[in-house]
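Going line by line, the protein sequences match chains U and Z. Under our numbering, think of the first position of the first sequence as 1, with each following residue one higher. Under our numbering, think of the first position of the second sequence as 1, with each following residue one higher. We put the CB at the ideal spot given by N, CA and C, even for glycine.
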Amino acid sequence: MARLPIRVRPFVGESQAGYILRLAMRNGFMKPEDIVNKKVFNLAIRNNLKKADINNISSLI
Amino acid sequence: MKNNIPIKNSFITSFLYIVFPQRYVYRKTFNEESFVSEYISKIHQNRNYSGLLTGVSGVGKSYLAKTYTQQFPQSELDEKNIIPVLYVKLGATSTPTDLLHQILMALGCTVMNSKERPYTALERLLHLLNEQSVELIIIDEVQECLPDTDGIRAQQMAKQFAGLVDKASIPVILMGTPLAKRIIELAYKGGDKEEQLSRRFLAPHQLSPCPSQCLAWINMVNFYQLKYGFNRLTAQSHKDLLNRIYIATNGMHGLLNKLYAQMLPADYKNTAQYIRAFEEAYKFAIRNSEDNPFNADMINAQQTERNIEDLDRKLKETFTHG
């Protein structure tokens with residue numbers, strides 16, 4: 001299972017895209033697409049992630 | 001960086017050392033000082049240079065690395081794990097990115113892109129080494145990243161190690177079979193001139209099998225005696241048994257551990273009982289042959305002594321001739 005060593009949690013009121021960006025940067029990645037695919041990140045930009053996507057991101061930490 | 005890193009650790013010093021021929025084989029004494037643990041500790045403390053430890057398979061390199069790493073346990077914080085000493089055991093490594101990915105995996109990062117460029121993987125690694133407060137990296141089985149010939153790939157690997165050592169400012173201890181020495185001696189293009197990894201490394205050290213009939217050997221056997229729940233052996237009471245164990249294992253940690261792992265747990269009262277149990281264990285663990293060194297009917301104490309002398313002579317020759 002894919003895991004990231006820095007386990008950052010979402011801030012209260014943080015956007016989904018903001019959280020993914022922060023998670024990627026704290027783990028040393030250059031761009032969010034390194035940890036989620038582009039389609040998922042586009043959904044996150046609209047704050048419209050599906051439950052399965054949220055679970056997938058949660059399982060990384 | 002911790003200031004109170006112990007120079008010596010009794011657990012390690014009790015059974016591990018680098019054999020310097022003039023100190024150990026010829027005098028056959030052991031002054032309780034572990035050169036290996038001191039070598040690692042000095043590199044860990046000073047942080048200026050890296051190191052290379054080599055030794056044949058089974059001599060105890062990995063065990064030493066793991067034991068040293070255990071002295072600096074990881075601490076789990078809410079957000080991350082702090083890893084003071086990072087232990088990496090290399091598997092087959094075909095590219096510099098592959099090498100960096102294996103170090104990243106040891107840090108707990110399993111999100112990888114196989115098409116990632118070496119420089120982005122290195123940047124990510126440097127970031128995580130800093131985040132996780134890594135003070136020392138021990139890379140075991142380093143020969144795995146070297147191809148059979150010193151071609152471009154070997155140079156790329158050496159250059160990748162140099163990049164890691166230079167940019168991370170964290171010392172690296174490479175461990176591997178004697179073949180691994182090649183990595184620090186390889187010349188490669190660095191900047192405008194030819195460079196070698198060796199200028200960033202202290203002199204390499206080789207871990208050798210323990211000589212027989214010395215305190216180091218008794219300590220080594222007793223480490224496994226206690227580990228597997230048996231009583232200590234002494235030179236006075238168990239000389240023949242210690243010699244037979246030596247012949248069976250050639251003074252190698254790997255074989256000693258394998259032999260003891262097959263010993264039936266029991267309260268052995270005397271040498272004869274031990275020898276019978278070791279004879280069975282040897283058949284399962286090492287070799288099922290007629291020249292079992294624990295077969296007291298075939299090999300008596302005098303023959304054992306002679307075999308020990310032969311083994312010691314061979315060990316001396318390996319030191320003399322490199």
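What separation, rounded to the nearest whole angstrom, lies between the Cα atoms of K42 (chain Z) and I173 (chain Z)?
Going by the C-alpha atoms only, they are around 11 Å apart.
Are the C-beta of L77 (chain Z) and some C-beta of chain U separated by less than 7 Å?
No - not a single Cβ of chain U is within 7 Å of the one on L77 (chain Z).
So, does the CB of T110 (chain Z) fall closer than 7 Å to a CB anywhere in chain U?
Output row for T110 (chain Z): interface = yes.
Given that I45 (chain U) touches chain Z, what residues does it touch there, using C-beta distances under 8 Å?
Result: empty, since nearest Cβ-Cβ is about 20 Å, beyond 8 Å.
Applying the 10 Å Cβ sphere with the 16-neighbour rule, what's the burial state of A301 (chain Z)?
A301 (chain Z) comes out exposed.
For M298 (chain Z) and Q262 (chain Z), I'd like the C-alpha separation in whole angstroms.
Approximately 22 Å, taken between the alpha carbons.
Would you mind sorting K269 (chain Z) into buried or exposed? The rule is 16 or more other CB atoms within 10 Å of its CB.
When all chains shown are included, K269 (chain Z) counts as exposed.
Compare the C-alpha of P178 (chain Z) against each of Z:Y39, Z:G55, Z:K316 and name the closest.
Of the listed residues, the one whose Cα sits closest to P178 (chain Z) is Z:G55.
Take V142 (chain Z) and list the residues in its own chain whose beta-carbon comes closer than 7 Å to its own, dropping the five residues that flank it on each side.
Around V142 (chain Z): L90, L174, M175, G176, A180, I183.
Just verifying my parser: in three-state terms, what is the DSSP assignment at K89 (chain Z)?
Here K89 (chain Z) sits in strand by DSSP.
Is the CB-CB distance between S169 (chain Z) and I308 (chain Z) below 7 Å?
Cβ distance not < 7 Å, so S169 (chain Z) and I308 (chain Z) don't count as in contact.
Touching or not, the region 128-140 of chain Z and the region 30-44 of chain U, by the rule of three or more beta carbon pairs under 8 Å?
Because the criterion of three Cβ pairs below 8 Å is not met, the region 128-140 of chain Z and the region 30-44 of chain U do not touch.
Report the partner residues of M51 (chain Z) according to the DSSP bridge assignment.
The question names Met, yet the displayed sequence has Gly at residue 51 (chain Z). In DSSP, G51 (chain Z) forms a bridge with Z:I173.
Measure from the C-beta of R117 (chain Z) to each C-beta in chain U and report whether the shortest distance is under 7 Å.
So, not an interface residue.
Using the rule of at least 16 other Cβ atoms within 10 Å of the residue's Cβ for burial, across every protein chain shown, is A158 (chain Z) buried or exposed?
By the 10 Å Cβ count, A158 (chain Z) comes out buried.
Within this structure, are the beta carbons of L4 (chain U) and I61 (chain U) separated by less than 7 Å?
For L4 (chain U) and I61 (chain U), yes; Cβs fall inside 7 Å.
Between the Cα of L255 (chain Z) and the Cα atoms of Z:Y39, Z:V59, Z:S37, which residue gives the shortest distance?
Looking at the Cα atoms, Z:V59 is the closest of the given residues.
So, using beta-carbon positions, are N47 (chain U) and Q16 (chain U) closer together than 7 Å?
Contact: yes.
Scan the region 124-153 of chain Z for residues whose Cβ lies nearer than 7 Å to a Cβ of chain U and list them as they occur along the chain.
Answer in chain order: R124, H127, L128, E131, Q132.
By the 10 Å Cβ neighbour count, where 16 or more other Cβ atoms means buried, how is P265 (chain Z) classified, buried or exposed?
Exposed, because fewer than 16 other Cβ atoms sit within 10 Å of the Cβ of P265 (chain Z).
Indicate whether at least one CB of chain Z lies closer than 7 Å to the CB of G18 (chain U).
So, not an interface residue.
Against chain Z, with Cβ distances strictly below 7 Å, would P5 (chain U) count as a contact?
With 7 Å as the cut-off, P5 (chain U) counts as an interface residue toward chain Z.
Considering only residues of the region 60-129 of chain Z, which uninterrupted beta strand (DSSP E) runs meet the minimum length of 3 residues and lie entirely inside it, listed in chain order?
As far as the region 60-129 of chain Z is concerned, its whole beta strand (DSSP E) runs of at least 3 residues are 85-89.
At 8 Å on the CB atoms, spell out the chain U contacts of N81 (chain Z), in chain order.
Result: P5.
Could you spell out where the alpha helix (DSSP H) holding L197 (chain Z) opens and where it closes?
Run containing L197 (chain Z): none; DSSP gives neither H nor E here.
When you compare only the Cα positions, how much space is there between L49 (chain U) and M1 (chain U)?
Going by the C-alpha atoms only, they are around 21 Å apart.
Below 7 Å between beta carbons: does that hold for E76 (chain Z) and I6 (chain U)?
No, these two residues do not count as a Cβ contact at 7 Å.
Alpha helix (DSSP H) containing L136 (chain Z): first to last residue?
First-last for L136 (chain Z): 136-140, but that is the beta strand (DSSP E), not the alpha helix (DSSP H).
So who's on the other strand from Q206 (chain Z), going by DSSP bridges?
Beta-bridge pairing links Q206 (chain Z) to Z:T54.
Report buried or exposed for R232 (chain Z), applying the criterion of at least 16 other Cβ atoms within 10 angstroms of its Cβ.
Exposed: under 16 other Cβ atoms inside 10 Å.
Going by DSSP, what residues sit across from Y188 (chain Z) in a beta bridge?
For Y188 (chain Z), which the question treats as bridged, DSSP gives the partners Z:E195.
Report back the beta-carbon spacing between F223 (chain Z) and Y49 (chain Z) to the nearest angstrom; my notes put them in contact at under 8 Å.
F223 (chain Z) to Y49 (chain Z), Cβ: 30 Å. No contact.
Are the beta-carbon atoms of L107 (chain Z) and L128 (chain Z) separated by less than 7 Å?
In this structure, L128 (chain Z) lies closer than 7 Å to L107 (chain Z) by Cβ.
Within 7 Å (strictly less), CB to CB, does T29 (chain Z) reach chain U?
In this predicted model, T29 (chain Z) has a pLDDT of only 33, less than 50, meaning its place in the structure is not dependable enough to derive any value.
Relative to the C-alpha of V8 (chain U), which candidate in U:G18, U:R26, U:E14 has its C-alpha closest?
It is U:R26.
To the nearest angstrom, how far is the alpha carbon of M252 (chain Z) from that of L259 (chain Z)?
If you take the alpha carbons of M252 (chain Z) and L259 (chain Z), they lie about 11 Å apart.
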